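Working notes for the structure below.
Protein chains in written order, with our numbering: chain Y, 1 to 354; chain A, 355 to 708.
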């Protein structure tokens, strides 16, 4: 079966072999305070940094999930006010996390399938924006995100790139924090989140501490940094996942991140073209600027169940529509683990479907 | 190599095969909202419940580590005051987590290698006690722990069993919360914590919420419970580890938890006997009541480095002494993954060492 569900998604080609190697090398039993683990940690950091062109102003930390990162961002970076651009279920969850942590959280909302293009000036210490909404297939223009930073130089700009990395090429000088989890674009089993945060985030967390505020326990930014400088993690981590992530990043570097990004574009183009021409299916996101290359949502209405079964008979698993869209949409991930041939096959099957 | 380090420790015999099966069954790519994942979640819950005789007054939740559970316990259960029995590095970390979360935390401390036997009456909403201190090899008598509950019926009694489960047989009616991580007694790779919490803990968390206090975001007890009742987790979890844990618990049930516990006792007895008779080595914990069966610490003084190398030449990895004891002690885990034959070999080598 080819798994087009947007996460947990299809495994990257090399993940199973790297997991076997991890066992062979004794990674599961390795002390997380040993030089052997430190070498793994360092390798993963270096490979990720190279693959995504992350500058040294930005640190890379490991959490258990992107969901955890929403909580850590608010805990570490906000005294009073945050602002959230909400255009789907995941951007909304970040907003709700801020409310649960008793912050004055501002919600700027558009309806599902829509995006944002006007970088507002906001009264907030942190601005949360979702580069790629996995629930609605909306991708926001990078110019909008950078514009937010220009408009709000003193706010920390935090970008959810859960389902867009490693495809998106960010200018990190315009972003204070970016985060993702490994079961999407990196094609790994779930259980690891990656939190990229710059020196301004560290300084903010330290200023909260200096004010006598609590910023959590083991997953505070200063404690992450203290351990990270030794190539260690605050707690005993998911060491196998850290090892595999480094190896996958290395594999992607070898294949060429440019090649991966070009192929992603090609695959997106052929699927969106197919939907444009199709007599009974269409793209849910109609505005071209907002059409995500990595999570493509098909508006299939009454045909949804039949289409899903039809594809399954062909060996293709589509992701269900999210939330209220379950039953009227199908979601297709376009990650590095999905080959051009698989996308060509998919579009051929869609052509033949009526 | 035989790995006697107390964690991450030697893998349980069947872990690698179960990990392979997880990949074969598609667990890494499985949606965590699918019936297939719910079946895995339910299986793991049932096997753990059966293995450890956990009554239905107590719920089982998954975190990323035991370190995370310290934070969650304080967030969910304490308005103002907690009390912590501190006799080593890990019990101290829980106490410090409470302070970092701005609670009035009381520390009741004895020196490393010592334990507690007098169940005090305390002015606290939560009492933290470490059944087995992995850093010092001290195990507290169950009678002391149950006595604490008798003395403090209104406090929530939270027991760190990180390095004692599945060996210890608790009377859960005397304990409100117990927790462990899987890389110790369960012989798995790190990356999963197991948090057992009873209805009183849920009620306390809900009462904090009702008072308008924040109890965190995705890992609050009410949200865990809401998802758990559907056999789901709050976030995309480490699904492979949840699958493997259920299979390992099943394997241990098949072997017989009574057999495992008897063997643990046998292995502990032969090692402590060896240390009693040895001319240059001794047990760090001198009081028999406090001698942990599962983490046995050898006071090796100036001989430490030589002993460590000697064992390594024989194919045996010992755990280093923790913190200030590094260089003068070695730690030996006695987990279900360590066979009687391996312990007999170890004691033979110690006899021959001088």
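Even glycine gets a Cβ: it sits at the ideal position worked out from N, Cα and C. Treat the numbers as computed from the prediction; the structure is a model and nothing was measured.
Whole angstroms is fine: what's the gap from residue i's alpha carbon to residue j's?
i                      : j                      : result
residue 253 of chain Y : residue 262 of chain Y : 14 Å
residue 491 of chain A : residue 700 of chain A : 18 Å
residue 328 of chain Y : residue 369 of chain A : 41 Å
residue 431 of chain A : residue 480 of chain A : 7 Å
residue 468 of chain A : residue 442 of chain A : 9 Å
residue 707 of chain A : residue 67 of chain Y  : 52 Å
residue 502 of chain A : residue 473 of chain A : 5 Å
residue 75 of chain Y  : residue 21 of chain Y  : 37 Å
residue 134 of chain Y : residue 436 of chain A : 41 Å
residue 302 of chain Y : residue 289 of chain Y : 27 Å
residue 355 of chain Y : residue 186 of chain Y : Any property of residue 355 of chain Y remains undetermined from this structure, which presents chain Y solely from 1 to 354.
residue 460 of chain A : residue 12 of chain Y  : 49 Å
residue 670 of chain A : residue 24 of chain Y  : 17 Å
residue 395 of chain A : residue 418 of chain A : 15 Å
residue 51 of chain Y  : residue 58 of chain Y  : 14 Å
residue 325 of chain Y : residue 102 of chain Y : 30 Å
residue 219 of chain Y : residue 92 of chain Y  : 23 Å
residue 196 of chain Y : residue 174 of chain Y : 13 Å
residue 631 of chain A : residue 486 of chain A : 25 Å
residue 605 of chain A : residue 17 of chain Y  : 25 Å
residue 314 of chain Y : residue 646 of chain A : 58 Å
residue 563 of chain A : residue 569 of chain A : 7 Å
residue 49 of chain Y  : residue 170 of chain Y : 12 Å
residue 190 of chain Y : residue 515 of chain A : 26 Å
residue 226 of chain Y : residue 458 of chain A : 26 Å
residue 351 of chain Y : residue 122 of chain Y : 46 Å
Quick one, are the C-beta atoms of residue i and residue j less than 8 Å apart?
i                      : j                      : result
residue 696 of chain A : residue 356 of chain A : yes
residue 159 of chain Y : residue 129 of chain Y : yes
residue 275 of chain Y : residue 283 of chain Y : yes
residue 409 of chain A : residue 500 of chain A : no
residue 62 of chain Y  : residue 233 of chain Y : yes
residue 338 of chain Y : residue 94 of chain Y  : no
residue 603 of chain A : residue 542 of chain A : no
residue 90 of chain Y  : residue 116 of chain Y : no
residue 198 of chain Y : residue 176 of chain Y : yes
residue 684 of chain A : residue 662 of chain A : yes
residue 567 of chain A : residue 433 of chain A : yes
residue 362 of chain A : residue 139 of chain Y : no
residue 205 of chain Y : residue 221 of chain Y : yes
residue 224 of chain Y : residue 69 of chain Y  : no
residue 673 of chain A : residue 686 of chain A : yes
residue 510 of chain A : residue 555 of chain A : yes
residue 381 of chain A : residue 654 of chain A : no
residue 163 of chain Y : residue 35 of chain Y  : no
residue 703 of chain A : residue 665 of chain A : yes
Assuming residue i and residue j make a contact with CB atoms under 8 Å, what is their CB distance in whole Å?
i                      : j                      : result
residue 373 of chain A : residue 598 of chain A : 6 Å
residue 398 of chain A : residue 600 of chain A : 3 Å
residue 60 of chain Y  : residue 194 of chain Y : 6 Å
residue 184 of chain Y : residue 37 of chain Y  : So it is not a contact: roughly 25 Å between Cβ atoms.
residue 650 of chain A : residue 626 of chain A : 7 Å
residue 100 of chain Y : residue 571 of chain A : 5 Å
residue 304 of chain Y : residue 264 of chain Y : Actually they are not in contact, since the Cβ atoms of residue 304 of chain Y and residue 264 of chain Y sit about 25 Å apart, beyond 8 Å.
Identify the residues that DSSP records as bridge partners of residue i: which are they?
i                      : result
residue 104 of chain Y : Y/81
residue 531 of chain A : A/512 and A/551
residue 480 of chain A : A/436 and A/510
residue 487 of chain A : A/492
residue 636 of chain A : A/653
residue 319 of chain Y : Y/331
residue 54 of chain Y  : In the DSSP output, where bridge partners are listed per residue, residue 54 of chain Y has none listed.
residue 680 of chain A : A/683
residue 3 of chain Y   : Y/317
I need the DSSP call for residue i, collapsed to helix, strand or coil.
i                      : result
residue 685 of chain A : strand
residue 463 of chain A : strand
residue 380 of chain A : coil
residue 417 of chain A : strand
residue 291 of chain Y : strand
residue 524 of chain A : coil
residue 502 of chain A : helix
residue 191 of chain Y : coil
residue 233 of chain Y : coil
residue 539 of chain A : coil
residue 570 of chain A : coil
Original post:
Along the region 374 to 387 of chain A, what residues have a CB closer than 9 Å to any CB found in chain D?
Top reply: The structure shown contains no chain D; its protein chains are Y and A.
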